Amino acid sequence: MALTLLLYELYIVLLVLAGLALTEYMFYRIAGKWFFRARAELEILVEEHRRITRSIGGKKDRRKLGKIRARAYTLSGSVRRFTLYRVLMLIPVYVLFSVVFLVRGVAVPVEYCIPFFSFTYEGACVTTTGHIAVLSFLVGLPLVQDDLIAVLMFKKARLWSRIRAG
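Residue 69 in UniProt numbering sits at position 69 of the sequence shown; the count goes up by one each step and never skips.
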């Protein structure tokens with residue numbers, strides 16, 4: 001019985017993470033290239049802005065700062081728009097899995113009673129499969145939000161292209 005429940009919990013967690021991975025894959029196939037380029041360029045502009053503000057010089061530097069600020073403003077709007085699209089793609093997945101596992105909930109015994117997560121049923125602490133699905137989403141959030149590797153790859157590619165260009 002305990003092994004069956006453990007396998008069922010593992011099934012829920014893997015199903016939720018697979019849903020997240022599929023949604024992320026669809027986002028990257030549709031808009032990932034533009035999203036990462038915009039983020040990488042924005043980070044490069046921020047670095048350049050910091051460098052120029054540290055050693056502010058004459059009129060040429062102020063003009064360059066104005067151009068950087070204008071481009072950064074447009075890029076930040078693009079990045080925010082892509083982030084909104086990404087969240088809008090993830091919301092139906094969150095809702096679907098949470099509802100599916102809450103509607104057909106199975107009581108799973110847990111070791112410790114945690115408020116708002118588990119409840120007491122006949123003297124034992126139990127939780128539902130919907131709560132396990134929600135916790136799986138919370139565990140999967142860093143996997144979804146941590147796209148720093150791809151941003152760094154695009155950033156290095158841009159720097160290498162600048163170095164090669166002279």
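Ideal Cβ placement from N, Cα and C applies to all residues, glycine included. These numbers come from a predicted model, not from an experiment.
Top-ranked residue by Cα proximity to residue i, from the options
i: Glu-111; options: Arg-62, Gly-123, Ser-136, Val-100; result: Gly-123
i: Leu-5; options: Arg-29, Val-134, Val-126, Leu-135; result: Val-126
i: Phe-82; options: Leu-3, Arg-29, Leu-138, Phe-137; result: Arg-29
i: Val-95; options: Ser-136, Arg-71, Phe-36; result: Ser-136
i: Thr-74; options: Leu-7, Phe-35, Ile-91, Lys-60; result: Phe-35
i: Thr-23; options: Lys-33, Ala-40, Ile-91; result: Ile-91
i: Val-138; options: Ala-38, Phe-97, Val-103; result: Note on identity: in this sequence residue 138 is Leu, with Val being the wrong assignment. Closest by alpha carbon: Phe-97.
i: Leu-102; options: Ala-31, Ile-52, Val-134, Lys-59; result: Val-134
i: Ala-70; options: Lys-59, His-49, Phe-119; result: His-49
Per DSSP, cross-strand counterpart(s) of residue i
i: residue 174; result: Not covered by the structure: residue 174. The range shown for the chain is 1 to 166.
Residue i burial status per 10 Å Cβ neighbour count (16 or more: buried)
i: Ser-55; result: exposed
i: Phe-116; result: exposed
i: Ala-21; result: exposed
i: Leu-7; result: exposed
i: Gly-140; result: buried
i: Gly-166; result: With a pLDDT of only 46 at Gly-166, under the threshold of 50, the placement of this residue in the model should not be trusted, and no figure is reported.
i: Arg-86; result: buried
i: residue 190; result: For residue 190 there is no data in the structure shown, the boundaries of the chain being 1 and 166.
i: Ile-132; result: buried
i: Ile-114; result: exposed
i: Ile-149; result: Low per-residue confidence applies at Ile-149: pLDDT is 48, beneath 50, and the placement is therefore not dependable enough to give any value.
i: Tyr-11; result: exposed
Span of the beta strand (DSSP E), counted from its first residue to its last, around residue i
i: Phe-119; result: 119 to 121
Segment limits, alpha helix (DSSP H) that includes residue i
i: Ile-68; result: 59 to 103
i: Phe-36; result: 33 to 54
- prompt: Can you find at least 3 beta carbon pairs, one from the segment 33 to 49 and one from the segment 93 to 111, that sit closer than 8 Å?
  reply: no
Next on the checklist: Would the segment 56 to 65 count as touching the segment 14 to 24 if we require 3 or more Cβ pairs under 8 Å?
Outcome noted: no
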